[in-house]
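Asker: Numbering (the working numbering), first residue to last: 8 to 75. I'd like to ask you about the structure that follows.
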């Protein structure tokens with residue numbers, strides 16, 4: 008069996024996941040679907056970049072699997 012996940016992480020995921028529906032509903036009053044989708048798709052990489060900068064996560068190594 009693996010390591011038990013931290014309870015705080017689970018609570019944060021539930022709170023952020025459930026609040027997303029209310030946020031999108033409010034945002035649709037102000038934004039059209041195109042810019043809203045772009046904003047949603049940029050939120051995850053920006054969040055990960057900030058997390059990676061503070062925790063020292065390094066990018067994956069490039070190997071032969073990425074060749075065409």
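The beta-carbon is built from N, C-alpha and C at its ideal position, and this holds for glycine as well. Keep in mind that this is a model prediction, so the values were computed, not measured.
By the DSSP assignment, the alpha helix (DSSP H) with residue 13 in it spans what residues?
Answerer: Run containing residue 13: none; DSSP gives neither H nor E here.
Asker: Indicate the three-state DSSP secondary structure (helix, strand or coil) for residue 26 in the structure shown.
Answerer: Of the three classes helix, strand and coil, the one that applies to residue 26 here is helix, per DSSP.
Asker: Measuring alpha carbon to alpha carbon, tell me which of 43, 20 and 63 ends up nearest residue 31.
Answerer: Of 43, 20 and 63, the residue nearest in Cα terms is 43.
Asker: Give me the Cα-Cα distance between residue 47 and residue 70, rounded to the nearest whole angstrom.
Answerer: Taking the straight line joining both Cα atoms gives about 30 Å.
Asker: With DSSP collapsed to three states, give me the class of residue 66.
Answerer: Coil.
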